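**Student:**
Numbering (the UniProt record's numbering), first residue to last: 1 to 250.
1. Taking the alpha helix (DSSP H) that residue 56 falls in, what are its first and last residues?
2. By Cβ distance below 6 Å, which residues in the same chain neighbour residue 110 in space, the five residues on each side in sequence not counted?
3. Could you tell me whether the Cβ atoms of residue 158 and residue 67 are closer together than 7 Å?
4. Taking residue 116 as the reference, give the member of 131, 231 and 106 with the closest Cα.
5. Whose CA, out of 184, 81, 181 and 195, lies closest to the CA of residue 40?
6. Is it right to say residue 205 is buried, meaning 16 or more other beta carbons lie within 10 angstroms of its own, or is it exposed?
7. Taking residue 84 as part of the alpha helix (DSSP H), name the residues at either end of that continuous run.
8. Within the same chain, show all residues whose beta-carbon is closer than 6 Å to that of residue 56, passing over the 5 residues directly before and after it, in chain order.
9. How big is the Cα-Cα spacing for residue 4 and residue 78?
10. Ordered along the chain, which non-local residues of its own chain (more than five positions away) have a Cβ less than 6 Å from that of residue 188?
11. Is the separation between the beta-carbon of residue 143 and that of residue 92 shorter than 7 Å?
12. For residue 140, which three-state DSSP category applies?
13. For residue 190, collect the residues of the same chain with a Cβ closer than 8 Å to its Cβ; drop the 5 residues on either side in sequence, then sort them by chain order.
14. Should residue 253 be labelled buried (16 or more other beta-carbon atoms within 10 Å of its own) or exposed?
15. Are the beta-carbon atoms of residue 192 and residue 186 separated by less than 7 Å?
16. Would you call the segment 215–225 and the segment 98–107 touching, i.e. three or more CB-CB distances under 8 Å?
17. May I have the straight-line CA-CA distance separating residue 178 from residue 165, to the nearest angstrom?
18. What separation, rounded to the nearest whole angstrom, lies between the Cα atoms of residue 232 and residue 36?
19. Under DSSP, the alpha helix (DSSP H) around residue 225 begins and ends at which residues?
20. Look at residue 48 and residue 10 and say whether their C-beta atoms are less than 7 Å apart.
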């Protein structure tokens with residue numbers, strides 16, 4: 001019964017927040033904080049699913065802006081958990097198909113997030129270049145999921161290099177964001193689903209070697225994130241079994 005109530009509440013509030021976000025985005029089009037405002041509202045819904053989310057930002061990230069945030073992408077609940085960690089002056093890059101999701105998709109587009117056509121390599125490359133230009137011209141930061149898809153308990157998947165190419169073109173550092181494991185943690189019929197920790201790691205700047213070997217940099221960042229995700233998951237009591245953790249991508 002609790003699960004049914006939660007699903008109804010989530011559906012109604014998601015629709016309401018989406019409609020509200022669309023309206024205020026139309027009233028202040030292209031405002032740099034439309035995305036952050038909507039994301040912070042969505043982040044409050046973590047309480048509805050019974051998760052206590054702690055966001056750890058141990059330094060002033062604004063001193064490093066614009067930056068490219070890279071975060072692990074676990075499951076559908078990310079919309080209610082990771083959203084609360086979105087910083088001011090930040091937009092995300094998501095797949096083009098998101099805009100067809102009723103209410104949420106329209107909100108995602110109107111608030112100013114960037115849509116990318118992953119099936120069209122040429123358009124995807126142009127989107128990376130366009131995103132880098134916006135970062136430099138408007139001082140915007142971008143948030144990406146370098147795995148390219150949700151992991152659903154498979155550990156941290158190999159990284160794609162799009163986020164790193166965007167950062168290189170924008171002459172911006174990478175800021176890794178590590179979220180403790182939530183796979184198998186959320187049970188909608190259980191009142192308390194424990195704790196999730198989201199932690200911002202120090203900015204990673206490109207070296208001259210990194211500029212010529214982006215794949216090596218992506219793998220290095222992934223390794224450091226994997227270690228931190230495992231530590232945070234252990235602290236939160238939600239550690240994945242070792243056989244669920246993917247080895248480093250080639």
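C-beta: ideal position from N, C-alpha, C; glycine also. As the structure is a computational prediction, the values presented were derived from the model and not from experiment.
**Tutor:** Let's see:
1. Premise fails: residue 56 lies in the beta strand (DSSP E), 52–56, not in any alpha helix (DSSP H).
2. 22 and 25
3. no
4. 131
5. 81
6. exposed
7. Where residue 84 is concerned, there is no enclosing alpha helix (DSSP H), given that its DSSP letter is neither H nor E.
8. 199
9. 20 Å
10. 3 and 6
11. yes
12. coil
13. 2 and 50
14. The chain is shown only over 1 to 250; residue 253 falls outside these bounds and no answer can be derived.
15. no
16. no
17. 20 Å
18. 24 Å
19. 214–236
20. yes
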